[in-house]
Amino acid sequence: MKRLVIKVGTAVLTQDGQLAIERLSALVDLIAKLKNDKNYEVILVSSGAVGAGFTSLQLDKTQIANRQALAAIGQPLLLKNYKKRFKEHGITCAQMLLIADDFDSRKRTKNAQNVMEILLENKILPIINENDVIANDELLFGDNDQLAAHVAYHFNADMLAILSDIDGYYNKNPREYDDAVMLKVVSSINEEELQMKHTANSEFATGGIVTKLKAADFLMKNNIPMYLSSGFDLTNAYDFLVDDNHKNGTIFKK
Ligand SMILES: Nc1ncnc2c1ncn2[C@@H]1O[C@H](COP(=O)(O)OP(=O)(O)O)[C@@H](O)[C@H]1O
Ligand SMILES: N[C@@H](CCC(=O)OP(=O)(O)O)C(=O)O
1 MKRLVIKVGT AVLTQDGQLA IERLSALVDL IAKLKNDKNY EVILVSSGAV GAGFTSLQLD
61 KTQIANRQAL AAIGQPLLLK NYKKRFKEHG ITCAQMLLIA DDFDSRKRTK NAQNVMEILL
121 ENKILPIINE NDVIANDELL FGDNDQLAAH VAYHFNADML AILSDIDGYY NKNPREYDDA
181 VMLKVVSSIN EEELQMKHTA NSEFATGGIV TKLKAADFLM KNNIPMYLSS GFDLTNAYDF
241 LVDDNHKNGT IFKK
């Protein structure tokens, strides 16, 4: 049986200060298809708590403690929406809030692994986010891309799929250069690419392309492939994840 981790970013889940419910629903439909039709085990890593929190309370999001408070407000809102839509497919959700440090502790990792196996055995959909309230450094410098990579590794996934606001990895930033070309298969990432400036495209996001490259680099070193594709238009994700047909999007694989 295949075990997939799917990570979705803030830009996909929010629009103009609101939750992008249509995109969230489309993501839910894709995951339901993978679980119900293909019998895959799926783990969802979802950003969007800070953005969702801002829909209820407009705190100054340049302050780290405010962003943490927004995450605390937004996380249940996000889960409420996921739960409602997954229920329409007969899927029950569970929430796991983790920070990078949790994977430094063997005991904590083992506890989380035990819980994960019980959830997956029972066909539950685990939804993971960073535990933003306590993850001070993470909110400033970290991101869910790398958390998702650690989730894929520690929970023995066969692949990580990142559904982003960009449809793949290009030889240069496609938002700055019209002649940028998508790299469909990437088998190594060099130091220079890993040191590029953080360039998150949405105001509530912390990632950017570099965090995706770091996630891919970590996974490639551990022989787990990563797929990067659009979370706005899921056509390519359906082709690849449901139909095993790599028409577009980037596969990072050694
Ligand atoms: N070489 C590149 N290929 C693709 N995207 C790039 C590249 N360089 C910079 N970017 C930027 O990275 C963004 C993706 O990161 P981000 O906005 O954080 O996505 P997400 O919200 O899905 O985590 C793209 O929208 C693009 O603006
Ligand atoms: N934990 C934060 C996510 C921050 C983050 O990594 O965002 P993104 O770069 O869009 O994946 C939240 O839920 O708002």
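In terms of UniProt numbering, the sequence shown opens at residue 1 and continues consecutively.
Backbone N, C-alpha and C fix where the C-beta goes; we use that ideal spot for every residue, glycine too.
Everything numeric in this text was worked out from a predicted model, so none of it was measured.
Under 7 angstroms: does the beta carbon of residue i sit that close to some heavy atom of ligand 1?
| i | result |
| --- | --- |
| residue 172 | yes |
| residue 28 | no |
| residue 17 | no |
| residue 233 | no |
| residue 12 | yes |
| residue 188 | no |
| residue 249 | no |
| residue 3 | no |
| residue 165 | yes |
| residue 74 | no |
| residue 175 | yes |
| residue 82 | no |
| residue 53 | no |
On the DSSP bridge assignment, give the partners of residue i in chain order.
| i | result |
| --- | --- |
| residue 128 | 45, 96 |
| residue 19 | 14 |
| residue 252 | 186, 226 |
| residue 169 | 183 |
DSSP on residue i, reduced to helix/strand/coil?
| i | result |
| --- | --- |
| residue 140 | With a pLDDT of 49 at residue 140, under the threshold of 50, the predicted position of this residue should be treated as unreliable, though the coordinate-derived value follows. Note: residue 140 maps to helix in three-state DSSP. |
| residue 55 | coil |
| residue 276 | In the structure as shown, the chain starts at 1 and stops at 254, and residue 276 therefore has no counterpart that could be examined. |
| residue 196 | coil |
| residue 62 | coil |
| residue 25 | helix |
| residue 161 | strand |
| residue 133 | coil |
| residue 74 | helix |
| residue 242 | helix |
| residue 79 | helix |
| residue 40 | coil |
| residue 247 | coil |
| residue 150 | helix |
| residue 236 | helix |
| residue 259 | Only positions 1 to 254 of the chain appear in the structure, and residue 259 is not among them; the question remains open. |
| residue 103 | helix |
| residue 176 | coil |
In the DSSP assignment, find the unbroken alpha helix (DSSP H) run with residue i in it and report its ends.
| i | result |
| --- | --- |
| residue 5 | Here residue 5 belongs to no alpha helix (DSSP H); instead the beta strand (DSSP E) covers 3-8. |
| residue 210 | 209-221 |
| residue 119 | 106-121 |
Between which two residues does the beta strand (DSSP E) harbouring residue i extend?
| i | result |
| --- | --- |
| residue 180 | Element bounds for residue 180: n/a, residue is neither H nor E. |
Just checking residue i against ligand 2 - is the residue's beta carbon closer than 7 angstroms to any of the ligand's heavy atoms?
| i | result |
| --- | --- |
| residue 50 | yes |
| residue 62 | no |
| residue 47 | yes |
| residue 9 | yes |
| residue 71 | yes |
| residue 145 | yes |
| residue 129 | yes |
| residue 132 | yes |
Using a Cβ-Cβ distance under 8 angstroms, would residue i count as near chain B?
| i | result |
| --- | --- |
| residue 42 | Within the model displayed, chain B is absent; a lone protein chain is all it includes. |
> Should the segment 33-49 be called in touch with the segment 4-17, which here means at least 3 C-beta pairs below 8 angstroms?
Replying inline: yes
> Are the segment 121-136 and the segment 144-159 touching, with three or more C-beta to C-beta distances below 8 angstroms?
Replying inline: yes
> Does the pairing of the segment 57-71 with the segment 161-170 give three or more beta-carbon distances under 8 angstroms?
Replying inline: no
>> Check whether the segment 8-19 and the segment 48-67 are in contact - that is, three or more C-beta pairs closer than 8 angstroms.
In response: yes
> Does the segment 246-253 touch the segment 180-188, meaning 3 or more C-beta pairs lie closer than 8 angstroms?
Replying inline: yes
> Are three or more beta carbon pairs between the segment 27-40 and the segment 103-117 nearer than 8 angstroms?
Replying inline: no
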